[in-house]
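Notes for the one structure printed next.
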Amino acid sequence: MVGSNRNRGIRRTVRYALAMILLLVMVYPYLYMVLNSFADWAHIDKQLLPTKYSLKSYEWLFTGGETGIPRPWLHAFLNSVMVSLASTVLMMIFGVMVAYALSKLNFFGRNAINNFVLFHMFFPAIILLIPTFLIIQRVGLYDSYLGLILPKAVSLWAIFMYTNFFKAVPTVFIEAARLDGASDLKIMYKIMLPMSKSITTVIFLFLLMERWTELLWDMIVVKSDRMLTLNVLISQMFGPYGSYPGPLYAASTLLTLPIIMMFIIFGKKFQEGMQFSLK
Numbered sequence: 009m010v011g012s013n014r015n016r017g018i019r020r021t022v023r024y025a026l027a028m029i030l031l032l033v034m035v036y037p038y039l040y041m042v043l044n045s046f047a048d049w050a051h052i053d054k055q056l057l058p059t060k061y062s063l064k065s066y067e068w069l070f071t072g073g074e075t076g077i078p079r080p081w082l083h084a085f086l087n088s089v090m091v092s093l094a095s096t097v098l099m100m101i102f103g104v105m106v107a108y109a110l111s112k113l114n115f116f117g118r119n120a121i122n123n124f125v126l127f128h129m130f131f132p133a134i135i136l137l138i139p140t141f142l143i144i145q146r147v148g149l150y151d152s153y154l155g156l157i158l159p160k161a162v163s164l165w166a167i168f169m170y171t172n173f174f175k176a177v178p179t180v181f182i183e184a185a186r187l188d189g190a191s192d193l194k195i196m197y198k199i200m201l202p203m204s205k206s207i208t209t210v211i212f213l214f215l216l217m218e219r220w221t222e223l224l225w226d227m228i229v230v231k232s233d234r235m236l237t238l239n240v241l242i243s244q245m246f247g248p249y250g251s252y253p254g255p256l257y258a259a260s261t262l263l264t265l266p267i268i269m270m271f272i273i274f275g276k277k278f279q280e281g282m283q284f285s286l287k
C-alpha cells in the first residue's frame, strides 16, 4: 500500500513537472516579447530576459516612428474593433442559420451542401483572394468598411461546428416548439442558440481572434488613412524588414492585449465549450 501510494505520488509529480515545462515553453515567447517591448534599446535581444527597461519603444510608436508624424492609432484601433466585431457577428449569424438548416431541415441538396462545406474547408483561403478582390473592386466597395467586412462575413468552420452541435440536440425540442406554433427562425434564436452558449463562446472567440489578426486582406482593400486598421498601420510603420525590434515588440504587445482580455473575460465558458467540442 505504501509503495503504491509512493508510486502514485511520483507519477503525479512527474505529470506536474512536465505540465510546468510545457507551460513555460508556450508562455516564454510571449513573455519575452512583452518584456523586450519595455526594454532599453541597448538591451533588446541581448539576454533571455532584459535587465534594463524604458518606455522608448512605445514612445517611438506613438510619436510617429522614423517620420516623427503621429499616426492615427486610436482611429485604427476603433476601425479594427468595428470591423472585427461586425465580421464575427455576421459569421455567427450565418453559421447558425446554415447549420440549423443542414442539421434539422429536410430539403433537396442538403447532403450536397454539407459535403461542399467540408470539401471547401480543405482549400486555403488565399486561393480566392484575387477573385474576391476583383469582385469587391467591381461593385465599388474598395477602401470601404463593407469591403473589409462582407468578404469575411461567412465562416465554413463556424457552420461546421454549429452543425455538429445541432445534430446532437434532440428533435423533441423542435417538434414541441413547432406544435406551439414557433417558426424555424424563432426556434433557432429562442431554443437552439441558448442551448449552445458554451460552443458559441468558443466560436466567437476563435472567429474574433482570426479576424482581429487578419492582415493580408486588410492591406489589399485599405488605401486611405481613414480606413486603416491596426494591423495595416503597424505594417506600414515597420515595412518588410522590421528594423526596430523594440517598437515591433511593443506593437505586437498592443495588438494582442484585446485578445488576452477577451479570453480572461470568457475563460470559463471557453473551457466548457472546448470540453464539448473535444467529445
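Numbering of the sequence shown is given in the working numbering, commencing with residue 9 and proceeding in unit increments. Just so you know, even glycine gets a beta-carbon here, dropped at the ideal spot from N, CA and C. Since this is a predicted model, take the numbers as computed values, not measurements.
Residue environment for Lys175: exposed (fewer than 16 other C-beta atoms within 10 angstroms of its C-beta). Judged by DSSP in its simplified three-state form, Tyr150 adopts coil rather than helix or strand. Counting of Cβ neighbours within 10 angstroms places Lys194 among the exposed residues, the total staying below 16. At the C-beta level, Met100 and Phe214 stay beyond 8 Å of one another.
Judged by their CB atoms, Arg219 and Ser62 are not nearer to each other than the 8 Å cut-off. For Ala47, the pairing in a beta bridge is given by DSSP as Tyr61.
According to the DSSP assignment, Ala120 belongs to the alpha helix (DSSP H) that extends over 118–128.
DSSP places Pro266 inside the alpha helix (DSSP H), whose first and last residues are 253–273. Excluding five sequence positions before and after Trp165, none of the CB atoms of its chain fall closer than 6 Å to its own CB. With fewer than three CB-CB distances shorter than 8 Å, the segment 66–84 does not count as touching the segment 137–154. Looking from the CA of Arg186, the closest CA among Ser152, Lys231, Lys112, Ala133 belongs to Lys112. Separation of the CB atoms of Thr237 and Ser45 is rounded to 20 Å, and the pair is thereby denied contact status at 8 Å. DSSP places Ala109 in the uninterrupted alpha helix (DSSP H) bounded by 81–112. Closest option to Lys276, judged by alpha-carbon separation, among Leu126, Val210, Val230, Trp225: Val210. When the beta-carbon positions are compared, Met270 and Leu216 come within less than 8 Å of each other.
Annotation for Lys194: the continuous alpha helix (DSSP H) segment containing it runs 192–195.
When only Cα atoms are considered, Asp233 and Leu241 end up about 9 Å apart. Inter-residue distance for Lys54 and Met28 is about 25 Å (C-alpha atoms, whole angstroms).
Around Val42, the same chain offers Thr261 as residues with beta carbons nearer than 7 Å, after the five sequence neighbours per side are excluded. Counting along the chain, Ala184 sits inside the alpha helix (DSSP H) bounded by residues 179–187. The C-beta of Gly254 has 16 or more other C-beta atoms within 10 Å across all chains shown, which makes the residue buried. In its chain, beyond the 5 residues on either side, Tyr252, Gly254, Pro255, Ala258 have a beta carbon closer than 8 Å to the beta carbon of Trp68. Put simply, the backbone Cα of Val180 is about 22 Å away from that of Phe168.
Under the three-state reduction of DSSP, Lys54 is assigned to coil, being neither helix nor strand.
In the three-state reduction of the DSSP assignment, Glu74 falls in the coil class.
Look at Ser232 here: in three-state DSSP terms it is coil, with no helix or strand label.
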